[in-house]
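Sequence lines, in order, name chains P and S.
Sequential numbering of the first sequence, starting at 1, is according to this note's numbering.
Sequential numbering of the second sequence, starting at 1, is according to this note's numbering.
Positions of the beta carbon are idealized from the N, C-alpha and C atoms, including for glycine.
Written out below as structure tokens is the structure these notes cover.
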Amino acid sequence: MNILNIVRYFLGAVLITGGLVFDVIQLIGFFRYKYVMNRIHAAAIGDTLGGGLILLGVFLINGFNLAGLKILFIMAFLWLTSPVAAHMVGKLEVLSKEHPEDCCPVKNLPGAGSLAESIPKDFLQVKEMPGAGNPAEISPEADVRIRKEKQTEEEQA
Amino acid sequence: MIHNFLLIVLGVLSVMSLLCLLRLVLGPTAADRLLAVNMLGGMVISAIAVLSLLLEEAYLLDISFIYALISFLAVVVLAQIYIGASRMQYRQQEDSAAGDESTEGNNEYAAGEAAKSAGEEGM
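So, in structure tokens, the structure goes:
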């Protein structure tokens, strides 16, 4: 019994330390990236892995009782809401710019004009987007266009 | 021993929260600040959970859960309000500049209005 408690505490401490390490990684990414869209990518680490591992460690040290159930609820809520919050921040960044295609160009969208115009109309046309489904279902014109864009990307790179 | 470890964890979390506050002040755009608020919320949730372990008070977990709810609500509502406000601002600029291109802007204006009303409902 005593051995079991010691193992439980040790595992909880290891998990909490891992969560702290992921939080530090999140902060490093958050300060080193220069643009918000990259920073969202870094910040999503800390919300899911950092907070999740710390809460899991607290759950292990706390033990299996009602308080532990509350901790599991907090973890589930964080995992459900963190992608939504990150999506909201990305939406804010795109839609609050006057010309969003200047800062974050989205390729292969059918409407080549303003990004804010093309989102509501063409958002459901998955068929035109490459890599969205079976490659055999892409129309030949889209295939030719994708190959040309790949060539231009390679030339630019 | 576990007591000292939890104190160290709380110290590291508080230092990282201060760095989040630094980015909140420095952030060039509104999305930076909102993302910093989101990160700060996640760290405070973990800190409150660790504090409940340190003080052995289970009711602090309820506070942590409510903090998670309010932090998520704040991020969503602030994002929607800011989107609607900036769309309205661009719409007014278009109106004052020229009346010809306003047919294209109608769609964006409607989206901004819908987002703003959704944000007001969220409040």
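Residue from the options whose Cα sits closest to the Cα of residue i
i	options	result
LEU35 of chain S	S:ILE48, S:VAL76, S:VAL50, S:LEU6	S:VAL76
LEU55 of chain P	P:LEU78, P:ARG39, P:VAL36	P:LEU78
ILE40 of chain P	S:ALA85, S:ASP32, S:LEU78	S:ASP32
LEU126 of chain S	S:MET16, S:GLY41, S:LEU10, S:ILE2	Because chain S here runs from 1 to 123, residue 126 of chain S falls outside it and cannot be looked at.
PHE10 of chain P	S:LEU13, S:ASP62, S:LEU6	S:LEU6
ALA30 of chain S	S:VAL9, S:LEU69, S:ARG91, S:SER86	S:SER86
LEU53 of chain P	P:ARG145, P:VAL84, P:HIS87, P:ALA13	P:ALA13
LEU60 of chain P	P:LEU80, P:ARG32, P:ILE6	P:ILE6
GLY18 of chain P	P:ILE3, P:TYR33, P:PHE31, P:GLY51	P:GLY51
VAL9 of chain S	S:ILE81, S:SER64, S:ALA49, S:ARG91	S:ALA49
CB of residue i within 7 Å of CB of residue j, strictly
i	j	result
LEU15 of chain P	GLY57 of chain P	yes
TYR67 of chain S	ILE45 of chain S	yes
LEU22 of chain S	LYS70 of chain P	no
SER64 of chain S	ILE74 of chain P	yes
SER96 of chain P	ILE83 of chain S	yes
Exposure of residue i, with buried meaning 16 or more beta-carbon neighbours within 10 Å
i	result
ASN4 of chain S	exposed
ALA157 of chain P	exposed
ALA43 of chain P	buried
ASN65 of chain P	exposed
LYS150 of chain P	exposed
VAL37 of chain S	buried
LEU13 of chain S	buried
ARG147 of chain P	exposed
GLU155 of chain P	exposed
LEU78 of chain S	buried
ASN2 of chain P	exposed
Sequence-distant residues of the same chain with beta carbon closer than 6 Å to residue i, five excluded per side
i	result
MET39 of chain S	CYS20
SER95 of chain S	First, the amino acid is wrong: residue 95 of chain S is Asp here, not Ser. Closer than 6 Å at Cβ, skipping near neighbours: no residue.
ASP47 of chain P	SER82
LEU49 of chain P	PHE22
LEU54 of chain S	LEU6
Heavy atom of the ligand MN within 6 Å of residue i beta-carbon
i	result
LEU24 of chain S	Among the components of this structure there are no ligands whatsoever, and the ligand MN is therefore not found.
Cβ-based neighbour list, residue i, same chain, cut-off 8 Å, excluding 5 preceding and 5 following
i	result
VAL89 of chain P	VAL36, ILE40
ILE45 of chain P	PHE22, ILE25, GLN26, GLY29
Close beta carbons around residue i, own chain, < 7 Å, minus the five adjacent residues each side
i	result
MET16 of chain S	MET43
GLU93 of chain P	VAL36, MET37
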